[in-house]
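Engineer: Residue numbers (full-length UniProt numbering): 1 to 98.
1) In chain order, which beta strand (DSSP E) runs of at least 3 residues are fully inside the segment 19 to 88?
2) For residue 5, which of helix, strand or coil comes out of DSSP?
3) Mapping the DSSP letters down to three states, classify residue 98 as helix, strand or coil.
4) Does the separation of the CB atoms of residue 85 and residue 22 fall below 9 Å?
5) What do you reckon, are the CB atoms on residue 8 and residue 50 nearer than 9 Å?
6) Since I believe residue 71 is in contact with residue 83 (beta carbons under 8 Å), could you give me their beta-carbon distance rounded to a whole number of angstroms?
7) Tell me the rounded alpha-carbon separation between residue 80 and residue 18.
8) Out of curiosity, what's the CA-to-CA distance linking residue 58 and residue 3?
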């Protein structure tokens, strides 16, 4: 994955569907549940999670901005709330959920 970069993922286990995304920026890799804390819908359309300059995560629904390193909403109706972290690691070059 490019740096800065972000990629969404989905998987099913039994009857449940899960959606998340990972962000690579400033040498760090972090994962989040793909759900806006304000409205509950997915943050991005077509993996466009980052702003053009790569400095923030952007909710496509209402323009809220989040810090990539900790998911804190800094601008928008959810200011002060945070994305839900989803632990990820890198194993043998693959990004996996922890």
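Think of the CB as a built atom: it goes at the ideal place given N, C-alpha and C, for glycine as much as any other residue. Model, not experiment: these values are computed from the prediction.
Structural biologist: Here's the rundown:
1) 28 to 33, 73 to 75
2) When DSSP states are grouped into helix, strand and coil, residue 5 belongs to the strand group.
3) coil
4) The answer is no: Cβ separation not under 9 Å.
5) Not a contact, by the Cβ cut-off of 9 Å.
6) Right, the Cβ-Cβ distance comes to about 3 Å (below 8 Å), so this counts as a contact.
7) 25 Å
8) 16 Å
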